[in-house]
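Colleague:
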Amino acid sequence: MAPEQVSDFDQLLRVIAQAARDTGVDAYLVGGIVRDRLLGLPSKDIDMVSVGSDGIPLLAAVARRLRWARPQVFEHFGTGQVRGDGFILEVVRARAERYDPDSRKPDVSPGTLEEDVWRRDFTINALCQRMDGEVLDVTGRGIDDLRAGILRTPLEPDETFSEDPLRMFRGARFVAQLGFHLAGGVIEAMRRNAQRASILSVERITEELCRLLTSPHPRQGLDVLRESGLLDVVLPEIAAMSGVEQGGFHIYDVFDHVAHAVDAAPPDGITRIAALFHDIGKPATHEIRDGRHTFYDHPQVGARMTRVILTRLRFGNDDIEAICRLVELHLRPIQYDEASFSDAAVRRLIRDAGELRRPLLDLARADTRASSYPDTAGIDALEARMASLDSGGQISRLQSPLGGAEIMALAGNRPPGPWVGAVQRALVDAVLEGEFAAGDSAGARQWLLDHPGVVPA
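The working numbering puts the first residue of the sequence shown at 984, with every later residue one more than the last.
1. If you pair each beta-carbon of the segment 1396–1412 with each one of the segment 1352–1371, do three or more pairs fall below 8 Å?
2. For Pro1148, which residues in the same chain have their Cβ closer than 7 Å to its Cβ, ignoring the five residues on either side in sequence?
3. Give a yes or no on contact between the segment 1065–1078 and the segment 1115–1125, applying the rule of three or more CB pairs nearer than 8 Å.
4. Quick one: grab the DSSP three-state call for Thr1189.
5. Relative to the alpha-carbon of Ala1244, which residue among Ser1355, Ile1039, Gly1123 and Ala1044 has its alpha-carbon at the smallest distance?
6. State the start and end residues of the unbroken beta strand (DSSP E) segment that holds Leu1072.
7. For Leu1214, which residues in the same chain have their Cβ closer than 6 Å to its Cβ, ignoring the five residues on either side in sequence?
8. Ordered along the chain, which non-local residues of its own chain (more than five positions away) have a Cβ less than 7 Å from that of Val1310?
9. For Arg1330 and Ile1378, what's the separation of their Cα atoms in angstroms?
10. Identify which residue in Pro1137, Arg1340 and Ile1234 has its Cα closest to the Cα of Gly1123.
11. Is it the case that the Cβ atoms of Ala1172 and Asp1128 are separated by a distance below 7 Å?
12. Can you find the residues in the same chain that come closer than 7 Å, C-beta to C-beta, to Ala1427, ignoring five residues on each side of it along the sequence?
13. Can you tell me the Cβ-Cβ gap for Leu1041 and Val1074, rounded? I've got them flagged as a contact below 8 Å.
14. How big is the Cα-Cα spacing for Ile1046 and Ile1029?
15. Between Arg1187, Arg1272 and Leu1314, which lies nearest to Asp1280 when the distance is taken from Cα to Cα?
16. Taking Arg1308 as the reference, give the member of Arg1174, Phe1232, Trp1101 and Leu1343 with the closest Cα.
17. Between the segment 1188–1198 and the segment 1151–1160, do at least 3 Cβ pairs fall closer than 8 Å?
18. Considering just the uninterrupted stretch of the alpha helix (DSSP H) at Val1237, what are its terminal residues?
19. Could you give the first and the last residue of the continuous beta strand (DSSP E) run that contains Asp1028?
20. For Asp1120, which option in Ile1170, Ala1353, Asp1423 and Val1017 has the closest C-alpha, if you only look at C-alpha atoms?
21. Hey, quick one: how far does the beta strand (DSSP E) through Glu1271 stretch, first residue to last?
22. Going by DSSP, name the residue or residues bridged to Arg1048.
23. Tell me, please, which residues DSSP counts as bridged to Gly1067.
24. Quick test of your reading: Leu1365 and Thr1189, contact by CB under 8 Å. State the CB separation rounded to the nearest angstrom.
25. Can you name, in chain order, every residue of its own chain whose Cβ lies under 8 Å from the Cβ of Asp1251, other than the five neighbours on each side?
26. Report the start-end ranges of each beta strand (DSSP E) in the segment 1363–1425 that is 3 residues or longer and not cut off at the edges.
27. Taking 7 Å as the limit between beta carbons, can you name the residues of its chain near Ser1108, skipping five residues before and five after?
28. Return the first residue and the last residue of the alpha helix (DSSP H) that Phe1163 is part of.
29. Compute the Euclidean distance between the alpha carbons of Gly1299 and Pro1249, then round it to the nearest angstrom.
30. Look at the alpha carbon of Ser1211 and the alpha carbon of Ile1170, and state the distance between them as a whole number of angstroms.
31. Could you give the first and the last residue of the continuous alpha helix (DSSP H) run that contains Thr1143?
32. Using only the alpha-carbon positions, how far apart do Thr1359 and Asp1246 sit?
33. Is it buried or exposed for Arg1050, if we count other Cβ within 10 angstroms and need 16 for buried?
34. In whole angstroms, give me the CA-to-CA distance for Gly1204 and Gln1407.
35. Out of curiosity, what's the CA-to-CA distance linking His1233 and Thr1254?
36. What are the residues that DSSP puts in a beta bridge with Cys1111?
Here it is as structure tokens:
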């Protein structure tokens, strides 16, 4: 049989249905794919549940028909997965679960479709669909909750969250992702079970946090994390921003300002995370001087705090460096004034931002839009001036016109040390000030002769 090519979900569903018939697997679409299809949202992640037998033969049959790679089997989780044509198809056997109070890992045994469905997180994710397209609403609430935009647990929320506290973070994420609101009693159950989050792996929490932040409505999700007490458990430094008053350009306390800035930032991970952390240094630096709220050095303090927190959350080193740099620099574009900023000052900002110029300007715009003066014309003017001064993109790649060996020779063959790097940085600053051209080694040597204090005695 010639392999089929699938370009949309309906085509793939026909292949899955045929594979289910051929293998005799009693399988149903379940969870997010059913929810999103009913909401008219695109999705290429397809979850299925098989009842009474293993679903791996179904995956194998789909893979053969479409010439996809053979299924991956995750025996520890009781699931299998195939990928191809941009789709991810995963099957888990219907199961009944019993949880140990000290773990989120359940004791699992084969179960019926109904047993599997009632143990899911929210009624809108408990909807199932037969291969012929019929939607099954086992809980009797899923369709109505989907229409009303409500997140409700199939069982009592205390039972649902106590069994698996990650479901609380998923609830906050679905609020951010779908714009839904929590059913009555859910936020109170989250508060009662917030301390259960301590049994979760850091990686799972971080994954949910990142998905929340890059969703269409992140501020709503952050509000759920705050109101539920989950922030106090996993990100107390973020929770500490709540209630810290600001003045001047601000109309919100620090937490609400940050949440609005996250909403206003482009939905890429680095910029949204930087927006969440950009004012994290404010509670630690908050003082009232002459009746004014002040936060001196909060970008530098915040960058140091951010590094500690992101390391704790197991972010990668490259992401940590980028986010901390954005936090440290976030005020500089906002402080731009065309009359008082020299070309050299703009060049220094270009150099300091480097490859982060675009996300830095995006963060500055988001920060500004979350204030009482949301006009970003000044940042737009700064961006244009940066482009004019650095049309070839060379400033961010500037290097010292003199190498370390030459600098040591000019200093009378002085031994190497940190002083060499300090001299090279001074030479780069001199280029930015227009003292001599980039790459002009003769000009650099003359500049050092004219400024003998640069090379320490």
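Even glycine gets a Cβ: it sits at the ideal position worked out from N, Cα and C. Owing to the predicted nature of the structure, the values given are computational and were not obtained by experimental measurement.
Modeller: Once the coordinates are examined:
1. No: fewer than three Cβ pairs fall under 8 Å.
2. Correct list, in chain order: Arg1087, Asn1176, Arg1179, Ala1180, Ile1182 and Leu1183.
3. Flag = no, the segment 1065–1078 and the segment 1115–1125 do not touch.
4. Reduced to three states, the DSSP call for Thr1189 is helix.
5. With distances taken between Cα atoms, Ala1244 lies closest to Ser1355.
6. DSSP places Leu1072 in the uninterrupted beta strand (DSSP E) bounded by Phe1070 to Arg1076.
7. Only residues of its own chain outside the window of five on either side were considered, and among them Leu1208, Ile1221 and Ala1222 have a CB closer than 6 Å to the CB of Leu1214, listed in chain order.
8. Result list for Val1310: Ala1257, Phe1260, His1261, Pro1282, Gly1285, Ala1286 and Thr1289, in chain order.
9. Rounded to the nearest angstrom, the two C-alpha atoms are 7 Å apart.
10. Nearest of Pro1137, Arg1340 and Ile1234 to Gly1123, Cα basis: Pro1137.
11. No, these two residues do not count as a Cβ contact at 7 Å.
12. So the qualifying residues of the chain are Pro1384, Leu1385, Leu1410 and Phe1419.
13. At roughly 6 Å, the Cβ-Cβ gap stays under 8 Å, so Leu1041 and Val1074 are in contact.
14. First, the amino acid is wrong: residue 1046 is Ala here, not Ile. C-alpha of Ala1046 to C-alpha of Ile1029: approximately 14 Å in a straight line.
15. The candidate whose alpha carbon is nearest that of Asp1280 is Leu1314.
16. Nearest option by C-alpha distance: Leu1343.
17. With the cut-off at 8 Å, the segment 1188–1198 and the segment 1151–1160 touch.
18. Per DSSP, the continuous alpha helix (DSSP H) segment holding Val1237 begins and ends at Val1237 to Ala1247.
19. Boundaries of the beta strand (DSSP E) around Asp1028: Asp1028 to Val1034.
20. Of Ile1170, Ala1353, Asp1423 and Val1017, the residue nearest in Cα terms is Val1017.
21. The displayed chain sequence assigns Ile, not Glu, to residue 1271. Annotation: the continuous beta strand (DSSP E) that includes Ile1271 extends over Glu1270 to Arg1272.
22. DSSP lists no beta-bridge partner residue for Arg1048.
23. Paired residues: Phe1070.
24. In fact, because the Cβ distance is near 33 Å, the residues do not count as touching under 8 Å.
25. Around Asp1251, the same chain offers Thr1197 and Pro1342 as residues with beta carbons nearer than 8 Å, after the five sequence neighbours per side are excluded.
26. Segments of the beta strand (DSSP E) lying fully in the segment 1363–1425: there are none.
27. For the sequence presented, residue 1108 should be read as Asn rather than Ser. Excluding sequence neighbours, Asn1108 sits near Gly1014, Gly1015 and Arg1018.
28. Here Phe1163 belongs to no alpha helix (DSSP H), and DSSP marks it neither H nor E.
29. In this model, Gly1299 and Pro1249 are separated by some 21 Å (Cα to Cα).
30. In a straight line, the C-alpha of Ser1211 is about 6 Å away from that of Ile1170.
31. Following the DSSP letters along the chain, one finds Thr1143 inside the alpha helix (DSSP H) bounded by residues Pro1140 to Glu1146.
32. Going by the C-alpha atoms only, they are around 16 Å apart.
33. Exposed, because fewer than 16 other Cβ atoms sit within 10 Å of the Cβ of Arg1050.
34. Taking the straight line from one Cα to the other gives about 46 Å.
35. One C-alpha to the other measures close to 21 Å.
36. Answer by DSSP bridge pairing, in chain order: Val1013 and Leu1119.
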